[in-house]
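What follows is a short report on a single structure.
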Amino acid sequence: MNILLVEDEPDLAAYIVRGLTENGHHVDHAARGDSGFLLASEGRHDLLIVDRMLPEMDGLTLVKTLREGQSKLPVLFLSNLGGLDDRVEGLNSGGDDYLSKPFAFSELLARVNALLRRPHSSGQPTSIRVGDLEMDLIKRRVTRAGREIDLQPREFSLLEYLMRRPDQVVTRTMLLEGVWDYHFDPKTNIVETHISRLRSKIGGDLIQTIRGSGYMIRATRTTS
Amino acid sequence: MRLGQLLKSASFRLTAAYVGLFSVSVGILAGLIYFLATSGMQSEVRTRIAADSTALREEYARGGPPQLLQAIAERQRGRLVGGLDYSLYNASGKHLFGNLPVVPCKSGWVTFTGPPDGDEPEGELEKLGVLVTPLAHGNCLLVGDDIGKVRKFGSLILRSFGWVFLLTATMAVAGGIFLSTRVLRRIEAINRTAEAIIEGDISRRIPRRGVPDDLDQLAATLNRMLDRMTSLMESLRHVSNDVAHDLRTPLGRLRRSLEEAGRTVSSPEESRAAIDSAVMEVDGILDTFGAILRIAQIESGSRRSNFCRLVLSELVADVCETFAPSMEEAGKVLLTRIQPDLAIRGDRELLVQSLANLLENAMAHTSAGTVVTVSLKRRPEGIELSVADNGHGVPEAQREHIFKRFYRVERSRTAAGNGLGLSIVAAVAELHGARLSASDNDPGLKIGLVFSEAA
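As they're listed, the protein sequences go chains A and B.
Residues 55 to 278, numbered by the working numbering, are exactly what the first sequence covers, in order.
Residues 29 to 483, numbered by the working numbering, are exactly what the second sequence covers, in order.
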């Protein structure tokens, strides 16, 4: 996949480029806002990773201008600010996700993959199926191999979030933001305990723990 | 005190302006009185002359020149100074009486000037206002009076006003200088104090005179402001001390473990473990930084602009539901007593984080088997959210300190956490105008937040 990185910090940029390249992506890098904007306007990238604060043209303006030109390019904001309002500002300007510096590379990679695999068709499915697990989004029912599983509303949302991203690594932070709408880091293992409850209800084999990264629901059964 | 400074002072300028204004009004008043008094006197003189002329003409009509001359003689008898001047002359200009100059005999007023007789202003000639009255047989009667008297009176008025003005102006200027000097001296004191504070003597305060006037009040207010700033600076210094101290500890630990790893690690597995633990340590430090920044951001008050009405009952139930499994796993019980439909105005994200911090605090500092009770209820003073545990509690002397940054109850120093969780709660409470309290749950600790209810 073609990724455009607009980041003025040379060390960080090199670190991101190296990491993404190792994971099979092709990365173009711009160190300034204006040159980044020109590259992004060419329309040959699948994802834009952009810093909030850039020389010549700041990230917010870059993305706003891009969106005004009807670009649907997925955008991941990086920010040093990490403040309360900065995330909302970033998302309002047309960003699709927001990551505060400093971050673990696994976190960045998971979000990049999630944005790249985001379905472009906006049609809402009425049900999701992963392996023999089926989720009816209208009746809010979950069955595995035909047997109905009784879930709490929160467990349902958690499972839905995972099932919408089969075979993708989903980090703890992504779950906190996406399922709980928590934008801080609880010291408590709330995600872990909810995952383990969910596992015990749907069967332990479906949701896998990816060490040091997060969780993944497997659509394709691996023979272990 | 220099004269220049005095002249530039606001109070002196104010006085000068008042003196100027006063002078102008005194001038106008003097002019007005002068005009009214002199014109009044003048018309009175003329009336008298006219009345006398009429009377004399009648005498003449009754008895001719002899009776007229007798009447004039009667008027002048027994009189030394003052009174009117009379002249009578015939058609050929020969005087029958008096010595006023001869003018063409036409009815009307004329003015004569003559040698000074002592009652006119210095250096001016005697001035006579004369009424000419033609009589039968070509005779001409002149009746006049000294109008210099009127002008003398006028100049007397002006002179008195002049003296009064001079006296007043002198007093005003002297008073202005006196008042300005006093005010200046006090402003100078404020100035000197400010200079001393700029120079670094932060403990200096403006001396007060103990008189309840506005300058003293200003001094008191400024002193209060200085006290507040000093205490803020003090707390800032405290915080930066604490930050430095609290970050030194984990950084020192990190350095030690890295050094040790560099010396002892041989296998890839060992080095991986060492790196992992170093990353964890760094994450902890970053976390502390994040919390400090967040507190600063909350304290700036900028979040207040996106306050909205929210049902606190739902928020609390939701957070409790999220934390219950973790509580259970840690061998503790989470009880909730939530009165439904209680709403406040606030920031959802910050309130969630605060409640999460309170729950985590209760979880981190109690042992297994503890019951943590979250309750939300309407009280007369507002909506009270409380998180209570039945653990070993916090000694009363330490209770008021637990919301301070980096403060940690001695016993819990070893427990995880950065000592900022409750500080965030305190900052959020402050932002929401909520009353925060820590009390004895007998046994255990109870932390309460009282919000005002939203309509």
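Every residue, glycine too, gets a C-beta built ideally from N, C-alpha and C.
Note that the structure is predicted; figures quoted are calculated from it, not measured.
Worksheet item: Tell me which same chain residues have a C-beta within less than 8 Å of the C-beta of Ile-323/B, skipping the five on either side of it?
Response: Here the question's residue 323/B lines up with position 295 in the second sequence. The answer, listed in chain order, is Arg-433, Leu-448, Ser-451, Ile-452 and Ala-455.
Residues that Phe-238/A contacts on chain B, provided the C-beta gap is smaller than 7 Å = Mapped onto the first sequence, residue 238/A falls at position 184. By Cβ distance, chain B contributes Gln-381.
(message) Mapping the DSSP letters down to three states, classify Arg-86/A as helix, strand or coil.
(response) Along the first sequence, read from residue 1 onward, the residue named residue 86/A stands at position 32. In the structure shown, Arg-86/A sits in coil (DSSP, three-state: anything other than H, G, I, E or B).
Handout entry: Any chain A beta carbon closer than 9 Å to Met-308/B
Key = As a working note, residue 308/B is residue 280 in the second sequence. No, because no Cβ of chain A sits closer than 9 Å to the Cβ of Met-308/B.
For the alpha helix (DSSP H) that Cys-133/B lies in, which residues bound it at each end?
On the second sequence, position 105 is the one that residue 133/B refers to. From DSSP, Cys-133/B is part of no alpha helix (DSSP H); its letter is neither H nor E.
- Taking buried to mean at least 16 other C-beta atoms within 10 Å of its own C-beta, is Thr-180/A buried or exposed? Position 126 of the first sequence, counted from the first residue, corresponds to residue 180/A. Exposed is the call here.
What residues from chain A crowd round Ser-354/B, counting only those whose CB sits closer than 7 Å? Numbered from its first residue, the second sequence carries residue 354/B at position 326. Thr-242, Asn-243, Ile-244 and Thr-247, listed in chain order.
Euclidean distance between Cα positions of Val-160/B and Arg-187/B: Translated into positions along the second sequence, residue 160/B becomes position 132. Translated into positions along the second sequence, residue 187/B becomes position 159. If I take the Cα positions, the gap works out to 34 Å.
* **Three-state secondary structure assigned by DSSP to Gln-178/A** => Taking the first sequence and counting its residues from 1, the one referred to as residue 178/A is at position 124. Three-state result, Gln-178/A: coil.
Delimiting residues of the alpha helix (DSSP H) encompassing Glu-87/B: Position 59 of the second sequence holds residue 87/B. It spans 38 to 104 - the alpha helix (DSSP H) in which Glu-87/B sits, taken as one unbroken run.
Item checked: 9 Å Cβ cut-off: residues of chain A touching Asp-315/B -> Numbered from its first residue, the second sequence carries residue 315/B at position 287. What Asp-315/B touches in chain A: Asp-239 and Lys-241.
Q.
Let me check one thing: in DSSP terms, what residues is Thr-364/B bridge-paired to?
A. Residue mapping note: residue 364/B aligns to position 336 of the second sequence, counting from 1. In the DSSP output, where bridge partners are listed per residue, Thr-364/B has Val-402/B.
_For a cutoff of 9 Å on Cβ pairs, would you count Thr-277/A as touching chain B?_
The residue labelled residue 277/A in the question sits at position 223 within the first sequence. In this predicted model, Thr-277/A has a pLDDT of only 45, less than 50, meaning its place in the structure is not dependable; the value taken from the coordinates is given anyway. Chain B, which has no Cβ nearer than 9 Å to the Cβ of Thr-277/A, makes this no.
Exercise for review: Report all residues from its chain with a CB closer than 7 Å to the CB of Thr-75/A; omit the five preceding and five following residues, and keep chain order.
Suggested key: The sequence position of residue 75/A within the first sequence is 21, counting from 1. Closer than 7 Å at Cβ, skipping near neighbours: Val-81.
Please state whether the Cβ-Cβ distance between Ile-271/A and Pro-220/A is less than 9 Å. Residue numbering aside, residue 271/A sits at position 217 when the first sequence is read from its first letter. Residue numbering aside, residue 220/A sits at position 166 when the first sequence is read from its first letter. The answer is yes: Cβ separation under 9 Å.
- request: Give the DSSP-derived three-state secondary structure of Arg-194/A in the structure shown.
  value: In the first sequence, residue 194/A corresponds to position 140, counting from 1. If DSSP states are grouped into helix, strand and coil, Arg-194/A belongs with coil.
**Asked** Would Arg-332/B count as contacting chain A if we go by Cβ distances under 9 Å?
**Response** If you number the second sequence from 1, residue 332/B lands on position 304. No - not a single Cβ of chain A is within 9 Å of the one on Arg-332/B.
Could you tell me which of Leu-184/B, Leu-42/B and Gly-290/B sits nearest to Tyr-62/B, measuring between CA atoms? The count along the second sequence starts at 1 and reaches residue 62/B at position 34. Selected option, being the one with the closest Cα: Leu-184/B.
Beta carbons nearer than 7 Å to chain A: which residues of the stretch 389 to 403 of chain B have them?
Met-391
If you draw a straight line from the C-alpha of Ser-160/A to the C-alpha of Leu-66/A, how long is it? If you number the first sequence from 1, residue 160/A lands on position 106. If you number the first sequence from 1, residue 66/A lands on position 12. Each residue's Cα considered, the two are about 14 Å apart.
**Prompt:** So what does DSSP say about Glu-96/A, is it helix, strand or coil?
**Reply:** By one-based count along the first sequence, residue 96/A stands at place 42. Residue state, collapsed to three classes: coil.
For Val-224/A, the residue or residues it bridges with in DSSP:
Looking up residue 224/A in the first sequence gives position 170. Per DSSP, Tyr-269/A.
*Can you tell me the Cβ-Cβ gap for Tyr-88/B and Gln-95/B, rounded? I've got them flagged as a contact below 8 Å.*
Numbered from its first residue, the second sequence carries residue 88/B at position 60. Numbered from its first residue, the second sequence carries residue 95/B at position 67. Their Cβ separation, rounded to whole angstroms, is 7 Å, which keeps Tyr-88/B and Gln-95/B in contact under 8 Å.
Practice item. Please name the residue in His-237/A, Thr-242/A, Tyr-215/A and Lys-255/A whose C-alpha comes closest to that of Gly-269/A. Key: Locating residue 269/A in the first sequence gives position 215, where the first residue counts as 1. It is Tyr, not Gly, that sits at residue 269/A in the sequence shown. Nearest option by C-alpha distance: Tyr-215/A.
N- and C-terminal bounds of the alpha helix (DSSP H) containing Glu-262/B:
The residue given as residue 262/B occupies position 234 in the second sequence. Note, Glu-262/B: alpha helix (DSSP H), 242 to 292.
Uninterrupted beta strand (DSSP E) stretches inside the stretch 140 to 221 of chain B (no shorter than 3 residues): 154 to 162 and 168 to 174
| said: Buried or exposed for Asp-173/B, going by 16 or more other Cβ atoms inside 10 Å? | reply: Locating residue 173/B in the second sequence gives position 145, counting from the first residue. Buried, since its Cβ has 16 or more Cβ neighbours within 10 Å.
Minimum Cβ-Cβ distance from Ala-455/B to chain A less than 9 Å
Reading the second sequence from its first residue, position 427 is the one you call residue 455/B. Not an interface residue.
inquiry  = For Asn-146/A, which residues in the same chain have their Cβ closer than 6 Å to its Cβ, ignoring the five residues on either side in sequence?
reply    = Indexing the first sequence from 1 puts residue 146/A at position 92. Excluding residues within five positions, none has a Cβ falling inside 6 Å.
TODO: List the endpoints of the continuous alpha helix (DSSP H) containing Thr-350/B.
DONE: Reading the second sequence from its first residue, position 322 is the one you call residue 350/B. Taken as a continuous stretch (DSSP letters only), the alpha helix (DSSP H) holding Thr-350/B covers 340 to 357.
Exercise for review: Answer yes if the stretch 246 to 255 of chain A comes into contact with the stretch 302 to 322 of chain B, meaning at least three C-beta pairs across the two stretches below 8 Å, and no otherwise.
Suggested key: no
- Query: Can you tell me whether Thr-277/A is buried or exposed, with buried defined as 16 or more other CB within 10 angstroms of its CB?
  - Reply: Within the first sequence, the letter at position 223 stands for residue 277/A. Summary for Thr-277/A: the model assigns pLDDT 45, below 50, so the residue's position carries little reliability; its value from the coordinates is reported in the next sentence. Exposed, since its Cβ has fewer than 16 Cβ neighbours within 10 Å.
(Q) For a contact defined as C-beta to C-beta under 7 Å, what are the partners of Arg-251/A on chain B? (A) The sequence position of residue 251/A within the first sequence is 197, counting from 1. Near Arg-251/A (Cβ distances below 7 Å), the residues of chain B are Pro-353.
Query raised in the report: What residue from Arg-251/A, Glu-122/A and Gly-73/A has the CA that sits closest to Ser-354/B's CA?
Result: Counting from one through the second sequence, the residue named residue 354/B turns up at place 326. Selected option, being the one with the closest Cα: Arg-251/A.
I need the straight-line Cα distance from Val-267/B to Glu-356/B, nearest angstrom please.
Position 239 of the second sequence, counting from 1, holds the residue named residue 267/B. Position 328 of the second sequence, counting from 1, holds the residue named residue 356/B. Going by the C-alpha atoms only, they are around 36 Å apart.
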